[in-house]
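Beneath this line is the structure, given in structure tokens, with notes to follow.
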Amino acid sequence: MSNFVLKFKLRTEIYQEHILEKRFEIARKIYNTLTTKTTKRYQELTKTKKYR
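Numbering of the sequence shown is given in the working numbering, commencing with residue 909 and proceeding in unit increments.
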């Protein structure tokens, strides 16, 4: 199976770039928070007697 990636330069105005940067930063923070929380929950779950 072959994969190909085609990249195009996104033509944006400066204000659009700022909006995108802010939204990507928000998405990154949400992702990191959810990853941390689910990892902690999983670790706690594996400690329980019922799970084992």
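Each residue gets a CB set at the ideal place from its N, CA and C atoms; glycine is no exception.
Q) What first and last residue would you give for the alpha helix (DSSP H) that runs through residue 918? A) Residue 918 -> no alpha helix (DSSP H), and no H or E assigned at all.
Q. Got a sec? Which residues, its chain only, sit under 8 Å from residue 928 by beta carbon, not counting five neighbours each side?
A. 920
Q) Taking the alpha-carbon positions, what's the residue 943 to residue 924 distance? A) 28 Å
Q | As assigned by DSSP and simplified to three states, the class of residue 959 | A | coil
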